[in-house]
Amino acid sequence: MFWQKKDPNSFYRAGLKAYDEGEFLTAYKIFKSLAEQGYIEAQCKLGLMHDRGEGLQQDYADAVKWYQRAAEQAHVLAQYNLGILHASGQGVRQNYAEAAKWYRKAAKRGHASAQCNLGFMYHNGLGVLQDYAKAADLYRSAAEQQDAGAQRNLGIMYGHGWGVPQSLVKAHMWGNIAATNGGDASVRDVAAERMTSKEIAEAQQRAKVCLASNYKDCD
140 MFWQKKDPNS
150 FYRAGLKAYD
160 EGEFLTAYKI
170 FKSLAEQGYI
180 EAQCKLGLMH
190 DRGEGLQQDY
200 ADAVKWYQRA
210 AEQAHVLAQY
220 NLGILHASGQ
230 GVRQNYAEAA
240 KWYRKAAKRG
250 HASAQCNLGF
260 MYHNGLGVLQ
270 DYAKAADLYR
280 SAAEQQDAGA
290 QRNLGIMYGH
300 GWGVPQSLVK
310 AHMWGNIAAT
320 NGGDASVRDV
330 AAERMTSKEI
340 AEAQQRAKVC
350 LASNYKDCD
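Residue 140 is where the sequence shown starts when you use the working numbering, and the numbers rise one by one after that.
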């Protein structure tokens with residue numbers, strides 16, 4: 140495969156084409172060849188294939204190995220996925236502090252799911268000191284990127300006044316937005332049980348404004 144050395148990007152695209160067409164063995168061989176030469180995208184993709192068991196036996200330890208190599212080269216998806224495996228204890232000994240470290244790296248680069256997961260860790264004191272304010276900030280960052288889980292969790296924070304001033308209107312608003320995006324509607328419904336019809340109408344209007352502004356006007 141002399142042309143891979145001349146043009147690794149074309150070689151990688153050939154791997155992606157094979158992957159998309161379900162030719163996993165071909166894709167695996169291409170990704171592995173590139174990954175061993177330090178090609179970051181191939182390292183992450185190889186990690187994904189081991190993680191999911193696509194075309195080969197599922198092997199979380201190998202997934203960790205390849206995610207780690209890509210993550211150390213600042214690949215944001217690899218950082219996020221490595222965080223997941225450390226949090227779940229798949230392929231490595233469960234280590235919430237290590238999970239938080241990798242989530243934090245991805246979160247700083249704007250990865251919404253990493254922001255939500257790191258927020259959850261601050262929310263519950265997993266691998267970090269419990270800090271409701273940091274949790275709420277992280278949920279907010281992810282919520283503004285349309286992460287339904289973060290929107291739901293931000294609603295919970297407002298409902299209880301954890302890290303933010305308590306506001307049933309905002310709890311309902313974020314719970315409603317989460318439901319609109321396919322998430323759990325329970326936060327909205329629980330808040331509604333404690334609200335007046337006027338407050339519910341206000342929350343519904345705020346949700347409309349927030350969505351219409353593409354999350355730029357959600358206060």
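All C-beta atoms in this analysis are idealised placements derived from N, C-alpha and C, irrespective of residue type, glycine included. No experiment lies behind these values; they were computed from the predicted model shown.
Residue i burial status per 10 Å Cβ neighbour count (16 or more: buried)
{"i": "R191", "result": "exposed"}
{"i": "E332", "result": "exposed"}
{"i": "G161", "result": "exposed"}
{"i": "D328", "result": "exposed"}
{"i": "R208", "result": "buried"}
{"i": "D159", "result": "exposed"}
{"i": "E180", "result": "buried"}
{"i": "Q182", "result": "buried"}
{"i": "H299", "result": "exposed"}
{"i": "G230", "result": "buried"}
{"i": "R152", "result": "exposed"}
{"i": "R424", "result": "There is simply no residue 424 to check, as the chain begins at 140 and stops at 358 in what is shown."}
{"i": "A236", "result": "exposed"}
{"i": "G154", "result": "buried"}
{"i": "A340", "result": "exposed"}
{"i": "S227", "result": "exposed"}
Supposed contact pair residue j and residue i - C-beta distance, whole angstroms, cut 8 Å
{"i": "Q305", "j": "A281", "result": "So it is not a contact: roughly 21 Å between Cβ atoms."}
{"i": "Q290", "j": "A317", "result": "4 Å"}
For residue i, the three-state DSSP class (helix, strand or coil)
{"i": "W241", "result": "helix"}
{"i": "A324", "result": "coil"}
{"i": "N353", "result": "coil"}
{"i": "T165", "result": "helix"}
{"i": "Y178", "result": "coil"}
{"i": "G192", "result": "coil"}
Pair within 8 Å by beta-carbon distance, residue i and residue j
{"i": "W313", "j": "Y271", "result": "no"}
{"i": "L307", "j": "A324", "result": "no"}
{"i": "Y206", "j": "L195", "result": "no"}
{"i": "G258", "j": "N292", "result": "yes"}
{"i": "L277", "j": "T319", "result": "no"}
{"i": "K184", "j": "Q218", "result": "no"}
{"i": "G383", "j": "A310", "result": "The question about residue 383 has no answer here: the residues shown for the chain are numbered 140 through 358."}
{"i": "A239", "j": "V267", "result": "yes"}
{"i": "H189", "j": "D201", "result": "yes"}
| task | Please specify which runs of the alpha helix (DSSP H), each continuous and at least 4 residues long, are wholly inside the segment 294-324, giving them in chain order. | result | 307-319, all fully within the segment 294-324.
| said: If we require 4 or more residues per run, which alpha helix (DSSP H) segments fall completely within the segment 217-286? | reply: Taken in chain order, the unbroken stretches of alpha helix (DSSP H) that lie wholly in the segment 217-286 and span 4 residues or more are 235-247, 251-263, 271-282.
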